[in-house]
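If you're matching positions, the sequence shown starts at 0 in numbering that gives the first Met the number 0 and goes up one per residue. All C-beta atoms, glycine included, are put in the ideal place defined by N, C-alpha and C. Note that the structure is a prediction, hence the values are computed from the model and not measured.
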Amino acid sequence: MSRRTRAADRELGRIRRRESLAVLLARADRLLPAEADLLRVLVEAELAAADRARRTAGGQTAAVSRLRARVEAADAAIVETEADRDRAQQALDELRERHRGVEAVYVEHLAAAAVLADALRDSLGGSDWHLAETIRRVCTGAITPRQALAATAH
């Protein structure tokens with residue numbers, strides 16, 4: 000039996016009990032002992048059903064409260080995470096801006112060092128000109144500093 004069928008059966012039983020209760024209450028002053036017993040059974044059944052409904056509603060209310068608290072905590076975590084993300088993005092933007100500035104200065108220094116290495120190479124006589132050429136090649140990125148050091152070690 001499906002949940003919907005059970006719910007419909009419970010509702011039909013409730014309607015029948017209430018109809019009988021209404022008839023008995025209308026005749027309360029003329030009740031026979033058997034009818035008084037039936038009235039007691041119907042009222043007790045309605046009270047039990049009402050108690051179950053209240054317990055179920057209370058449980059549902061507690062579940063809704065727990066879920067609401069979880070949703071509120073999740074919302075707060077989302078807000079905090081978004082704030083962290085925004086702070087991280089701002090810090091990254093600042094680092095990138097500083098890096099651009101440092102990189103520009105570094106490129107300017109390397110360009111000046113390359114020009115000076117050319118001038119040094121032109122002014123050196125004999126076999127030392129290759130050191131100035133190695134410096135110039137490192138400054139222009141033609142070779143890495145490690146390659147330059149390895150070449151001068153020989």
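Given residue 136, which residues of its chain have a CB within under 6 angstroms of its CB, disregarding the five upstream and five downstream residues?
Cβ contact annotation for residue 136 (same chain, cutoff 6 angstroms, sequence separation greater than five): 142, in chain order.
Where do the N-terminal and C-terminal ends of the alpha helix (DSSP H) with residue 26 fall, by residue?
No alpha helix (DSSP H) contains residue 26, which DSSP labels as neither H nor E.
Can you give me the start and stop residues for the alpha helix (DSSP H) that residue 130 sits inside?
Its alpha helix (DSSP H) spans residues 128–139.
Between the region 81–88 and the region 107–126, can you find at least three pairs of beta-carbon atoms closer than 8 angstroms?
The region 107–126 vs the region 81–88: no contact.
Spatially closest choice to residue 35 from 20, 69, 79, by CA coordinates:
Checked all of 20, 69, 79; the closest Cα to residue 35 is 20.
Beta-carbon contacts of residue 133 that lie in its chain and below 7 angstroms, excluding the five residues immediately before and after:
The beta carbon of residue 133 is closer than 7 angstroms to those of 147, 150, 151 in its chain, skipping five residues each way along the sequence.
In three-state DSSP terms, what is residue 142?
Reduced to three states, the DSSP call for residue 142 is coil.
Collapsed DSSP secondary structure at residue 19 in the structure displayed
Shown here, residue 19 sits in a helix according to DSSP, grouped into three states.
Span separating the alpha-carbon of residue 76 from that of residue 66
Their Cα atoms are separated by approximately 15 angstroms.
From 44, 28, 0, pick the residue whose C-alpha is nearest to that of residue 16; which is it?
For residue 16, the nearest C-alpha among the options comes from 44.
Secondary structure at residue 1, three-state DSSP: helix, strand or coil?
Correct three-state label for residue 1: coil.
6 angstroms Cβ shell around residue 60 - same chain, five flanking residues per side excluded
So the list is empty, once near-sequence residues are dropped.
Rounded to whole angstroms, what is the Cα-Cα separation between residue 131 and residue 138?
Using only the alpha carbons, I get a separation of about 11 angstroms.
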